[in-house]
Amino acid sequence: MVFSTPIRRYPRRSAADTASASASAAETSYTSCCSGSKATETNGATCGQRECAPNMGQELGLEVLPEDIIHRIHSIMPVQDAARAACVSRRFVHSWRSYSSLILSDRTLGLDDTDFEERKTHLIDKVDKILKNHYGNGVKVKTLKLELGLCSDIKASYLDRWLRIIKSGIQEFSLVLPLVMNKIYNFPCSVLSDEAAASSIQSLSLFGCAFHPTSILGRLRRLKSLHLCHVHITEDGLGHLLSKSSALERLVIDACSGIICLKIPCTMQQLKFLAVKLCKMVRVVEIDAPQLGSFHYGGTPVIYVRNSSQLKNVDISPVCLSGILSYARFSLPSIAQNVESLTLRGRSENANTPMLPSKLPRLKNLEIALLKPHLSPNYDAFSLVSFLDASPALESFILRVEQDAMMHDPVVGDDTEYRRQNLECRNNSLRKVMITGFCSAKSLVELTVHILERTHSLERFTLDITYGYDRRTCNIAKFPTARMIGQCWSLSKRALEEAHRAVETADRYIKGRVPSSVQFEVLGPCPRCHIGK
6 MVFSTPIRRY
16 PRRSAADTAS
26 ASASAAETSY
36 TSCCSGSKAT
46 ETNGATCGQR
56 ECAPNMGQEL
66 GLEVLPEDII
76 HRIHSIMPVQ
86 DAARAACVSR
96 RFVHSWRSYS
106 SLILSDRTLG
116 LDDTDFEERK
126 THLIDKVDKI
136 LKNHYGNGVK
146 VKTLKLELGL
156 CSDIKASYLD
166 RWLRIIKSGI
176 QEFSLVLPLV
186 MNKIYNFPCS
196 VLSDEAAASS
206 IQSLSLFGCA
216 FHPTSILGRL
226 RRLKSLHLCH
236 VHITEDGLGH
246 LLSKSSALER
256 LVIDACSGII
266 CLKIPCTMQQ
276 LKFLAVKLCK
286 MVRVVEIDAP
296 QLGSFHYGGT
306 PVIYVRNSSQ
316 LKNVDISPVC
326 LSGILSYARF
336 SLPSIAQNVE
346 SLTLRGRSEN
356 ANTPMLPSKL
366 PRLKNLEIAL
376 LKPHLSPNYD
386 AFSLVSFLDA
396 SPALESFILR
406 VEQDAMMHDP
416 VVGDDTEYRR
426 QNLECRNNSL
436 RKVMITGFCS
446 AKSLVELTVH
456 ILERTHSLER
466 FTLDITYGYD
476 RRTCNIAKFP
486 TARMIGQCWS
496 LSKRALEEAH
506 RAVETADRYI
516 KGRVPSSVQF
526 EVLGPCPRCH
536 IGK
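For the sequence shown, the residue numbers in the working numbering are 6 to 538.
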């Protein structure tokens with residue numbers, strides 16, 4: 006059992022926090038800075054700020070720095086700090102008028118503590134002033150992130166006007182809108198119809214809108230990352246978008262509607278990462294991307310991968326979260342011959358998982374998560390042996406058992422009750438095993454015993470009684486000496502009783518079977534957070 010010493014945490018102070026003593030005055034000046042008025046240079050700051058500004062400039066040596074260095078320093082500041090710097094330095098005022106990285110949200114604009122309705126109004130007003138100023142001065146913006154999740158009643162005319170700033174030189178654009186709006190916003194395809202703007206953008210992210218690309222879309226020849234989340238887009242629209250994005254390396258389609266058959270064409274020669282999650286309408290996924298290395302999907306579509314030679318990482322989490330392991334049995338062989346890392350998550354599993362019909366010859370890292378079922382749990386954890394036997398190169402196995410995911414059994418009988426005579430196969434590569442949420446379920450004990458007795462290459466075996474010890478620190482396989490940081494996850498009285506029963510089970514039926522060459526660890530209830538509660 007492992008005990009840990011808590012590590013005290015202190016809040017990290019940002020540049021904005023450091024200036025909190027003059028925050029109110031700075032906010033007033035900040036609005037003036039954003040509008041680009043001349044008053045900012047002479048009268049924009051408070052008296053105290055005006056007095057300290059010359060000294061500050063001399064102390065930091067700003068007056069002797071070349072203009073390009075000033076611009077560089079200013080460009081890496083958060084937008085709120087950049088505007089405040091412009092309030093106290095003439096050099097930064099000039100730089101602000103060409104500030105090219107705009108990340109605009111209630112947080113970055115210092116509106117966190119205001120009333121909700123007031124915050125919405127001020128957010129729209131400040132964003133409007135900043136973008137009017139930049140557009141009017143012809144500033145080339147490289148990064149524009151509009152995080153407007155508060156503004157459910159924002160008018161489309163405002164958004165259309167703000168998007169005019171997307172022109173030649175733009176490299177990264179992100180738009181976040183509320184999931185519930187008075188009227189869904191249609192992101193205008195015309196914004197990216199200009200070839201100069203289209204050819205410069207490298208990252209595009211849209212959240213909470215509709216997007217219907219057509220043939221007028223410009224060539225997105227430098228676009229490397231595309232993220233669509235809660236976006237209504239049709240198959241034809243996505244087809245137009247992908248046909249103009251031949252340099253795309255990362256594609257995430259998350260909770261999007263309007264797509265039934267998702268086709269990733271052969272023109273996606275550079276695509277390395279694909280994630281399709283929570284798209285409930287998708288029934289078929291066809292992939293013809295020869296460089297695809299990672300594929301994450303949440304759903305139960307039929308998957309066709311024409312060329313999986315580079316596919317090394319697969320993560321499967323069906324939308325309905327049921328029968329994932331049985332589902333994987335049929336889906337994996339056709340796409341996972343070269344996979345080295347595999348993650349499976351599911352709930353409401355059948356009583357056992359059938360044997361895999363073929364091998365996963367290159368699989369090195371396997372993680373399986375069993376989530377709490379909707380009905381009474383009846384899963385036979387021992388049947389997971391079929392995955393181990395199908396993976397001759399497996400080096401690391403993590404099994405995560407969520408609370409109440411399995412039926413707990415009383416600790417009775419002798420140790421022969423927990424040995425299931427079954428398979429002839431032995432794994433000669435498996436070195437590290439961890440089971441989080443270990444409990445007294447008989448089939449889980451049988452699985453543990455089987456691994457200990459049939460795996461001669463084993464170096465480390467960790468049983469975590471408390472549902473995810475390693476996630477509160479770091480990867481226990483990489484950092485064996487890592488210990489808990491901060492507060493442990495809470496355990497109910499019933500869960501705490503089961504945790505003690507699980508420790509008793511491990512001591513009685515497992516500990517004596519551990520080979521002397523294996524580092525064995527049982528992580529029980531934390532004495533600081535759980536004992537005595």
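A virtual CB, placed ideally from N, CA and C, is assigned to each residue, including glycine. Model, not experiment: these values are computed from the prediction.
Proximal residues to residue i (C-beta, below 7 angstroms), its chain only, five neighbours per side dropped
| i | result |
| --- | --- |
| K137 | none |
| D199 | K172 and G223 |
| D165 | P193 |
| S250 | L225, L228 and L231 |
Candidates the options: closest to residue i by CA position
| i | options | result |
| --- | --- | --- |
| S210 | Q408, L256, T219 and I170 | L256 |
| G213 | A161, F121 and V236 | V236 |
| K147 | A202, D118 and Q408 | A202 |
| K131 | L109, N142 and D117 | L109 |
| E152 | V144, D165, L114 and K188 | L114 |
| S322 | K282, L337, R169 and V69 | K282 |
| L368 | L337, A374 and A386 | L337 |
| I340 | L349, R350, L365 and G351 | L365 |
| V185 | A215, G174 and L168 | A215 |
| N432 | L463, Q274, L243 and E526 | L463 |
| Q275 | L267, I269 and E254 | E254 |
| N302 | V289, F402, V523 and N191 | Note on residue identity: the sequence assigns Tyr, not Asn, to residue 302. Cα-wise, what sits closest to Y302 is V289. |
Where residue i falls: helix, strand or coil (DSSP)
| i | result |
| --- | --- |
| G351 | strand |
| C234 | strand |
| G303 | strand |
| S204 | helix |
| N318 | strand |
| R311 | coil |
| C271 | coil |
| K150 | strand |
| L107 | strand |
| I78 | helix |
| L180 | strand |
| S198 | coil |
Buried or exposed (CB count within 10 angstroms, at least 16 for buried), residue i
| i | result |
| --- | --- |
| I74 | exposed |
| G49 | Confidence in G49 is poor, its pLDDT being 37 and thus under 50, which makes the residue's placement unreliable; the coordinate value appears in the next sentence. Under this definition G49 is a buried residue. |
| P59 | Here the model assigns P59 a pLDDT of 47, short of 50, so the residue's position is not dependable and the matter cannot be decided. |
| L347 | buried |
| P471 | At residue 471 the sequence reads Thr, which differs from the Pro that was named. Answer is buried; the Cβ neighbour count reaches 16. |
| D512 | exposed |
| D118 | exposed |
| G143 | exposed |
| D158 | exposed |
| R169 | exposed |
Neighbourhood of residue i by C-beta distance below 6 angstroms, restricted to the same chain and skipping five residues each side
| i | result |
| --- | --- |
| D469 | T441 and L528 |
| S208 | E177 and S230 |
| H232 | S210 and V257 |
| K43 | In this predicted model, K43 has a pLDDT of only 35, less than 50, meaning its place in the structure is not dependable; the value taken from the coordinates is given anyway. Contacts found: none. |
| A504 | I470 and P530 |
| S299 | F278 and N318 |
| A386 | S448, L449 and L452 |
| S179 | K150 and S210 |
Bridge partner(s) assigned by DSSP for residue i
| i | result |
| --- | --- |
| N343 | None; N343 has no bridge partner. |
| Q524 | R465 |
| K282 | D259 and G303 |
| A215 | N191 and H237 |
| E254 | According to DSSP, which records beta bridges pairwise, E254 is partnered with nothing at all. |
| A374 | R350 and R405 |
| I440 | L404 and L468 |
| I292 | I269 and V310 |
Proximal residues to residue i (C-beta, below 8 angstroms), its chain only, five neighbours per side dropped
| i | result |
| --- | --- |
| L107 | V84, I135, L136, H139, V146, T148, L149 and K150 |
| I221 | C194, S195 and S198 |
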